[in-house]
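*Asks:* Just dropping this structure here.
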Amino acid sequence: NAGVTQTPKFQVLKTGQSMTLQCAQDMNHEYMSWYRQDPGMGLRLIHYSVGAGITDQGEVPNGYNVSRSTTEDFPLRLLSAAPSQTSVYFCASSQLPWARGVYFGPGTRLTVL
Amino acid sequence: SQQGEEDPQALSIQEGENATMNCSYKTSINNLQWYRQNSGRGLVHLILIRSNEREKHSGRLRVTLDTSKKSSSLLITASRAADTASYFCATQYNNNDMRFGAGTRLTVKP
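The listed protein sequences derive, respectively, from chains A and B.
One gets my numbering by counting positions in the first sequence from 1 and adding 4 to each.
One gets my numbering by counting positions in the second sequence from 1 and adding 2 to each.
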């Protein structure tokens, strides 16, 4: 298994541009989520999903959209990038019910100029 | 905020010593998890303890959970320089929401 994969690894955007961060998992996990990690802070939950067609907002959802059309994929869309969205983004997945921990992707480092 | 809070923010010890990190949270949880993150890398799951469990062991790791005090501790025994990393607790709630604390930065000096 490849586990949780994220693309791209690095991205630079200009303010106002839009883009999609890709996340895929091959473990047939129901639960998938997106976090952002800023310097000196823990991870903050942006959006999560407990299955195909089901998404919900986390702690910091503004400026981001998600969809879950398949079990495997959970893309994160930045609608109009702002410098405040400069961060490292992690995608994660897990089985439900929670029996084990969450598997994290390697992260995407995003800079918005 | 529902998220866990780690204490201390930073910890520096000598190789061979034990390291203890604490996590507190505010509302009832389904489980609590500890993760490790090496500098510039993703998070790696260490251990999960359910709300009806009080203690779990995994190798040199020992986790306790006190639901009455809404707190957990992570003990790393006989620490090694390779244990140097940031350690995060994550609390998981009934609605499958999972929140992370800001982490404890552990430095183990050789």
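Ideal Cβ placement from N, Cα and C applies to all residues, glycine included.
1. Pairs of beta-carbons, one from the region 46-57 of chain B and one from the region 5-23 of chain B, closer than 8 Å: are there three or more?
2. In three-state DSSP terms, what is A/D30?
3. Looking at the structure shown, is B/D85 part of a helix, part of a strand, or coil, going by DSSP?
4. Should A/M23 be flagged as near chain B, meaning a C-beta pair shorter than 8 Å?
5. Pick helix, strand or coil for A/S98, following the three-state DSSP scheme.
6. Between the region 34-51 of chain A and chain B, which residues of the former have a C-beta closer than 8 Å to a C-beta of the latter?
7. Decide if A/M45 is buried, meaning its Cβ has at least 16 other Cβ atoms within 10 Å, or exposed.
8. Where does A/N32 land, buried or exposed, given buried means 16+ other C-beta within 10 angstroms?
9. Would B/R82 pass as a contact of B/T66 if the rule is Cβ separation under 8 Å?
10. Can you list, in chain order, the residues of the region 27-47 of chain B whose Cβ is nearer than 7 Å to any Cβ on chain A?
11. With 16 as the cutoff for other CB atoms within 10 Å, does A/T112 come out buried or exposed?
12. Considering Cα atoms alone, identify which of B/T69, B/S75, B/K71 is closest to B/L63.
13. My assumption, with CB atoms under 8 Å, is that A/L109 sits in contact with A/Q10. Please give the rounded CB distance.
14. I want to verify the contact list: residues of chain B whose CB lies under 9 Å from the CB of A/E76, in sequence order.
15. List the endpoints of the continuous beta strand (DSSP E) containing B/N32.
16. Mapping the DSSP letters down to three states, classify B/Q4 as helix, strand or coil.
17. Within the same chain, show all residues whose beta-carbon is closer than 6 Å to that of A/Q15, passing over the 5 residues directly before and after it, in chain order.
*Replies:* Judging by the given coordinates:
1. When C-beta atoms of the region 46-57 of chain B are compared with those of the region 5-23 of chain B, fewer than three pairs fall below 8 Å, so the two segments do not count as touching.
2. Position 26 of the first sequence, counted from the first residue, corresponds to residue 30 of chain A. If DSSP states are grouped into helix, strand and coil, A/D30 belongs with coil.
3. Reading the second sequence from its first residue, position 83 is the one you call residue 85 of chain B. Looking at B/D85 - three-state DSSP - the assignment turns out to be helix.
4. Taking the first sequence and counting its residues from 1, one reaches residue 23 of chain A at position 19. No, its Cβ sits nowhere closer than 8 Å to a Cβ of chain B.
5. Here residue 98 of chain A refers to the residue found at position 94 when the first sequence is read from its first residue. Three-state result, A/S98: strand.
6. Y35, S37, Y39, G44, M45, G46, L47, R48, L49
7. Reading the first sequence from its first residue, position 41 is the one you call residue 45 of chain A. Exposed.
8. On the first sequence, residue 32 of chain A is found 28 positions in, with the first residue counted as 1. Exposed, since its Cβ has fewer than 16 Cβ neighbours within 10 Å.
9. One-based indexing of the second sequence puts residue 82 of chain B at position 80. One-based indexing of the second sequence puts residue 66 of chain B at position 64. Not in contact: B/R82 and B/T66 (Cβ atoms no closer than 8 Å).
10. N32, N33, Q35, G44, L45, H47
11. As a first step, residue 112 of chain A is located in the first sequence; it is residue number 108 there, counting from the start. Note on A/T112: 16 or more other CB atoms within 10 angstroms of its CB, so buried under the neighbour-count rule.
12. Here residue 63 of chain B corresponds to residue number 61 of the second sequence, with the count starting at 1. Taking only the C-alpha atoms, the option nearest B/L63 is B/S75.
13. For the purposes of this step, residue 109 of chain A is taken as the residue at position 105 of the first sequence. For the purposes of this step, residue 10 of chain A is taken as the residue at position 6 of the first sequence. According to the sequence as given, residue 109 of chain A is Gly; it is not Leu. Contact annotation, A/G109 with A/Q10: C-beta distance approximately 4 Å; criterion of less than 8 Å satisfied.
14. As a working note, residue 76 of chain A is residue 72 in the first sequence. Ordered by position in chain B, no residue passes the 9 Å Cβ test against A/E76, which lies about 18 Å from the chain.
15. Against the second sequence, residue 32 of chain B aligns to sequence position 30. Where B/N32 is concerned, there is no enclosing beta strand (DSSP E), given that its DSSP letter is neither H nor E.
16. What you label residue 4 of chain B is simply residue 2 of the second sequence in a count that begins at 1. Caution is warranted here: a pLDDT of 47 is assigned to B/Q4, below 50, making its placement in the model unreliable, and no coordinate value can be reported.
17. The sequence position of residue 15 of chain A within the first sequence is 11, counting from 1. Counting only Cβ-Cβ distances below 6 Å, and skipping sequence neighbours, we find L114.
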